[in-house]
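A.B. asks: For the sequence shown, this note's numbering begins at 2 and goes up steadily by one.
First the structure, which I've put down as C-alpha cells, then a few questions once you've had a look.
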Amino acid sequence: MRKKVIAGNWKMNNDLSESQNLVSGIISGLGNDTKCDVIVCPPFTSLSEVNTLIKDTPVKLGAQNMHYEDSGAFTGEISNSMLKSVGCEYVIIGHSERRTIFGENDEMINKKNKKALESGLKVIFCIGESLEQREEGITNEVVKKQIVNGLMNVTPDDLMNIIIAYEPVWAIGTGKTATPEQAQEVHSFIRGQIENIYSKESSENLQIQYGGSVKPENAATLLSQPDIDGALVGGACLKADSFLSIIASA
Ligand code: PGA
C-alpha cells in the first residue's frame with residue numbers, strides 16, 4: 002500500500018516572518034501522528050529558518066528548483082549541496098512554471114533530476130499537458146515524452162527516490178481542477194509507462210501526486226482514486242487551515 006504524500010509549493014510567496022508563521026501554524030495543527038508524508042517547499046530565502054522550526058516534527062523540507070551543476074559561475078542559481086546544507090530532503094524539478102516561464106526543457110530537467118538523485122535529494126518530478134495539448138487529444142503523448150526524456154538514465158534504484166507530480170498546466174492556479182476521473186486516467190497511464198520502462202514492482206511503488214487547484218473541497222475525491230497517491234498544492238497551501246484540511250483528507 003503506497004503512503005499518501007501531500008506537498009505544499011509556496012512558489013514566490015512568503016518572506017521570512019510570513020514563512021515562520023505559516024510553518025508554525027502547520028506544525029501546531031498537525032500534531033505528531035500523521036498518516037501521510039507532509040512536505041513544505043518554501044522559497045530559498047526561508048529554507049534555513051523553516052528547517053529549524055520543523056526539527057522533531059513530521060514535516061519535511063523541499064526546495065522549488067535547483068541547478069544541475071555542483072557549483073560555478075551561474076549567477077542566481079542554487080546547487081544541490083546548498084539545498085542539503087539547509088536541510089532539504091526534497092526538490093521540485095520541472096514545474097510547469099519553470100518550463101513555460103523560464104524556458105526549462107526536458108534535457109535540462111533530466112540533468113537536474115539526475116544531479117539531485119546523485120546528490121541524495123529526493124525529487125518531485127512534475128509533468129503535465131497544456132490546454133491546447135489536451136484539446137488536441139495528445140495528453141498521453143506529451144506526458145509519455147516528458148517521462149521518457151526526464152527519466153533518461155535514471156536507474157530503478159534512483160526511481161525509488163522520485164515522486165511524479167501530474168499537473169495539467171490548465172489546472173494550475175486557474176481554479177479549474179481535473180475531474181477525479183480525468184486525473185485517474187492520466188495517473189494510470191503514467192504508472193503504465195513506468196511499468197514499461199522499469200518494472201511492475203517499480204510502478205507499483207511509485208507515488209504519483211496530482212496537482213492543479215487542489216483545495217479542501219476537492220481533495221478527498223481526488224485522493225480516493227486508486228492511482229492518486231497525494232497532492233502537490235499551490236494556492237491552498239498558503240493558509241495553514243486549508244493545507245491542514247487537505248492533509249486530513251489524505
Ligand atoms: P495550484 O498550484 O494548487 O495553485 O493550482 C499547484 C502547483 O503549481 O503545484
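Every residue, glycine too, gets a C-beta built ideally from N, C-alpha and C.
Every value quoted in this text rests on a predicted model; they were computed, and no experiment measured them.
Given 7 Å as the limit, tell me if isoleucine 248 has its C-beta closer than that to any heavy atom belonging to the ligand PGA.
C.D. replies: No, Cβ of isoleucine 248 sits at least 7 Å from all heavy atoms of the ligand PGA.
A.B. asks: Tell me the DSSP secondary structure of cysteine 42 in three-state form.
C.D. replies: Strand at cysteine 42.
A.B. asks: What separation, rounded to the nearest whole angstrom, lies between the Cα atoms of glycine 63 and glycine 73?
C.D. replies: So the two alpha carbons sit approximately 23 Å from each other.
A.B. asks: Does the distance between the C-beta of valine 234 and the nearest non-hydrogen atom of the ligand PGA fall short of 7 Å?
C.D. replies: True, at least one ligand heavy atom lies under 7 Å from that Cβ.
A.B. asks: Less than 7 Å between the CB of asparagine 52 and some heavy atom of the ligand PGA, yes or no?
C.D. replies: No, since every heavy atom of the ligand PGA falls outside the 7 Å radius drawn around the Cβ of asparagine 52.
A.B. asks: Please report the residue range of the alpha helix (DSSP H) in which glycine 30 lies.
C.D. replies: From DSSP, the alpha helix (DSSP H) with glycine 30 extends over 17-31.
A.B. asks: Starting from the N-terminal side, write out each stretch of the alpha helix (DSSP H) that is 4 residues or longer and does not extend beyond the region 216-243.
C.D. replies: The region 216-243 contains these whole alpha helix (DSSP H) runs: 217-224.
A.B. asks: Among the candidates Ile93, Glu90, Thr140, Ile229, whose CA atom is the shortest distance from the CA of serine 204?
C.D. replies: Of Ile93, Glu90, Thr140, Ile229, the residue nearest in Cα terms is Ile229.
A.B. asks: Would you call the CB atoms of phenylalanine 244 and isoleucine 27 closer than 8 Å?
C.D. replies: Cβ atoms of phenylalanine 244 and isoleucine 27: closer than 8 Å.
A.B. asks: Using three-state DSSP, classify glutamate 126 as helix, strand or coil.
C.D. replies: According to the sequence displayed, residue 126 carries phenylalanine and not glutamate. The answer is strand: DSSP assigns phenylalanine 126 an E or B state.
A.B. asks: Buried or exposed: which applies to methionine 67, given that a residue is buried once 16 or more other Cβ atoms fall within 10 Å of its Cβ?
C.D. replies: Result: buried.
A.B. asks: Looking at the strands, I want to know which residues DSSP matches up with leucine 62.
C.D. replies: Note: leucine 62 sits in a beta bridge opposite Val41.
A.B. asks: Quick one: is arginine 100 buried, meaning 16 or more other Cβ sit within 10 Å of its Cβ, or exposed?
C.D. replies: The residue in question, arginine 100, is buried, as its Cβ has 16 or more Cβ neighbours within 10 Å.
A.B. asks: Quick one: give me the first and last residue of the alpha helix (DSSP H) that alanine 184 is part of.
C.D. replies: Note, alanine 184: alpha helix (DSSP H), 181-198.
A.B. asks: For glutamine 194, I'd like the list of residues in its chain whose CB is within less than 6 Å of its CB, leaving aside the five on either flank, ordered along the chain.
C.D. replies: For glutamine 194, where only same-chain residues beyond five positions count, the Cβ hits under 6 Å are Lys145, Ile148.
A.B. asks: For a cutoff of 8 Å on Cβ pairs, would you count glutamate 168 as touching chain D?
C.D. replies: In the structure shown, chain D cannot be found, because there is only a single protein chain.
A.B. asks: Out of Asp34, Ile128, Thr53, Val92, point me to the one whose CA is closest to valine 24's CA.
C.D. replies: Out of Asp34, Ile128, Thr53, Val92, Thr53 has the C-alpha closest to the C-alpha of valine 24.
A.B. asks: Just the C-alpha distance for alanine 184 and lysine 177, rounded to the nearest angstrom, thanks.
C.D. replies: Whole-angstrom Cα-Cα distance: 12 Å.
A.B. asks: Let's see if you can read the secondary structure: which residues bound the alpha helix (DSSP H) around alanine 117?
C.D. replies: Where alanine 117 is concerned, the enclosing alpha helix (DSSP H) stretches over 107-119.
A.B. asks: Can you give the Cα-Cα distance for leucine 207 and leucine 17, rounded to whole angstroms?
C.D. replies: Cα to Cα, the separation comes out at about 34 Å.
A.B. asks: Do proline 217 and alanine 237 have their C-beta atoms closer together than 8 Å?
C.D. replies: Result yes, Cβ atoms of proline 217 and alanine 237 sit closer than 8 Å.
A.B. asks: Using a Cβ-based criterion (distance less than 7 Å to any ligand heavy atom), does alanine 252 qualify as near the ligand PGA?
C.D. replies: Because the chain spans 2 through 251 in this model, residue 252 falls outside it and cannot be assessed.
A.B. asks: For asparagine 114, verify whether its CB is less than 7 Å away from any heavy atom of the ligand PGA.
C.D. replies: Result no, Cβ not under 7 Å from the ligand PGA.
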